[in-house]
Amino acid sequence: MAIRRSRFILFILIAALAFGACLTVLWLRPQNGGGSLSPGQSGTPPKEDRSAEDFGIQTVHSPVDFNGNGTDDYTDFLLGARKDAQDKPKYDNSYYRGGYPPDGSGACTDLVWRAFRNAGYCLKDMVDRDIAEHTPAYPVDGKPDPNIDFRRTAVLKIYFERHAVSLTTDPKQIAEWQPGDIVTFGTHHIGIISDRRDKSGIPYLLHNAGQPEREEDALTRCGEISGHFRFDASRLKKSELIPFGSPK
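Taking the working numbering, I'd label the letters of the sequence shown as residues 1220 to 1467.
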């Protein structure tokens, strides 16, 4: 009887020690580790974005602040493109008299002129003027149409070739790709370079192809890169720069 009682007491002690050990493990486990998922969690760690600093790349800033808001042009281009990406306008490349599509709609080219508007530029008027003065240089069949020309990638590509700095089209030269740069794919698509990068240092693309995520790791997935440009207004004549909203 005494032996059974001793075994019972020993069993209770072992069980108590085991229970205490479990409590200790639970107490010491990091509180953010979690065992169950909160709404919206995927169950896997979120994809980590990188920045230029992660690769020892110095971010280039424009020497110009065209709209005088205290932010350089390249950053304004980035922020303007990001706003359009976040607004997620309905994809619409229709023809509109007056040129501009309604708010809440647009195509890839509309993200670009909206990015320029955020820096104070009227890209439409600048493009229209250059086409009018140098019509043979543009793919408009000799007939400029201000209602649509500035919304054509083929036209914008020529404009930036004429008025911006042309840079590498090799995505692997990661230091040469900077936030606010413009990139064209063939003559069918255009976007703005983000300040976010993937694990290889290749920058994300801000663009509108009607996709759910408008800022994404897509620089190498949109077709052949036909142009990479940096719009440095300090290299242009003042007469070539038109503020958004200025009288015609």
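Idealized CB from N, CA, C, for every residue including glycine.
Would you grab the beta carbon distance between residue i and residue j for me? Rounded to a whole angstrom, and I think it's under 8 angstroms.
{"i": "residue 1427", "j": "residue 1297", "result": "That belief does not hold up - the Cβ atoms of residue 1427 and residue 1297 are roughly 15 angstroms apart, past 8 angstroms."}
{"i": "residue 1452", "j": "residue 1283", "result": "4 angstroms"}
{"i": "residue 1421", "j": "residue 1409", "result": "The pair is not a contact, with the Cβ atoms about 18 angstroms apart (cut-off 8 angstroms)."}
With a CB to CB cut of under 7 angstroms and the five nearest residues on each side skipped, what residues in its chain are close to residue i?
{"i": "residue 1241", "result": "Per-residue confidence for residue 1241 stands at a pLDDT of 40, beneath the threshold of 50, marking its modelled position as unreliable; the derived number appears in the next sentence. Cβ within range, chain order: n/a, list empty."}
{"i": "residue 1395", "result": "1386 and 1387"}
{"i": "residue 1239", "result": "In this prediction, residue 1239 scores a pLDDT of 48, lower than 50, which makes its location untrustworthy; the coordinate-derived value is nonetheless stated afterwards. Result list for residue 1239: empty, nothing under 7 angstroms."}
{"i": "residue 1264", "result": "Confidence in residue 1264 is poor, its pLDDT being 36 and thus under 50, which makes the residue's placement too unreliable to answer from."}
{"i": "residue 1253", "result": "Any reading at residue 1253 must be qualified, since the residue scores a pLDDT of 29, below 50, and its modelled position is unreliable; no value is offered."}
{"i": "residue 1465", "result": "1341"}
Based on Cα-Cα distance, which residue from the options lies nearest to residue i?
{"i": "residue 1350", "options": "1275, 1361 and 1341", "result": "1361"}
{"i": "residue 1434", "options": "1284, 1301, 1397 and 1345", "result": "1301"}
{"i": "residue 1334", "options": "1436, 1455, 1417 and 1398", "result": "1398"}
{"i": "residue 1390", "options": "1347, 1416, 1380 and 1454", "result": "1416"}
{"i": "residue 1414", "options": "1406, 1371 and 1436", "result": "1436"}
{"i": "residue 1292", "options": "1271, 1464 and 1338", "result": "1338"}
{"i": "residue 1429", "options": "1400, 1352, 1308 and 1464", "result": "1308"}
{"i": "residue 1281", "options": "1316, 1294, 1374 and 1419", "result": "1294"}
{"i": "residue 1269", "options": "1287, 1369 and 1419", "result": "1419"}
{"i": "residue 1314", "options": "1370, 1466 and 1381", "result": "1370"}
{"i": "residue 1343", "options": "1432, 1455 and 1374", "result": "1374"}
{"i": "residue 1267", "options": "1352, 1423, 1381 and 1320", "result": "1423"}
{"i": "residue 1442", "options": "1381, 1457, 1403 and 1455", "result": "1403"}
{"i": "residue 1432", "options": "1273, 1274, 1306 and 1287", "result": "1306"}
{"i": "residue 1381", "options": "1368, 1323, 1320 and 1454", "result": "1454"}
Which residues bound the beta strand (DSSP E) around residue i?
{"i": "residue 1446", "result": "1444-1449"}
{"i": "residue 1403", "result": "1401-1404"}
{"i": "residue 1319", "result": "Looking at the DSSP string, residue 1319 is not in any beta strand (DSSP E), and its letter there is neither H nor E."}
{"i": "residue 1423", "result": "1422-1425"}
In chain order, what residues of the same chain lie with their CB nearer than 6 angstroms to the CB of residue i, ignoring the 5 residues before and after it?
{"i": "residue 1450", "result": "1383"}
{"i": "residue 1388", "result": "1444 and 1447"}
{"i": "residue 1345", "result": "1461"}
{"i": "residue 1271", "result": "1278"}
Under DSSP, the alpha helix (DSSP H) around residue i begins and ends at which residues?
{"i": "residue 1348", "result": "1342-1352"}
{"i": "residue 1378", "result": "1372-1382"}
{"i": "residue 1414", "result": "Here residue 1414 belongs to no alpha helix (DSSP H); instead the beta strand (DSSP E) covers 1408-1416."}
{"i": "residue 1333", "result": "1327-1337"}
{"i": "residue 1294", "result": "1292-1306"}
Cβ of residue i within 8 angstroms of Cβ of residue j?
{"i": "residue 1439", "j": "residue 1406", "result": "no"}
{"i": "residue 1311", "j": "residue 1325", "result": "yes"}
{"i": "residue 1285", "j": "residue 1340", "result": "yes"}
{"i": "residue 1276", "j": "residue 1393", "result": "yes"}
{"i": "residue 1386", "j": "residue 1304", "result": "no"}
{"i": "residue 1363", "j": "residue 1318", "result": "no"}
{"i": "residue 1299", "j": "residue 1336", "result": "yes"}
Looking only at its own chain, which residues have a Cβ that is under 8 angstroms from the Cβ of residue i, when we skip the five neighbours before and after it?
{"i": "residue 1377", "result": "1356, 1357 and 1358"}
{"i": "residue 1316", "result": "1366"}
Any beta carbon of chain C sitting closer than 8 angstroms to that of residue i?
{"i": "residue 1465", "result": "Of the protein chains in this structure there is only one, and it is not chain C."}
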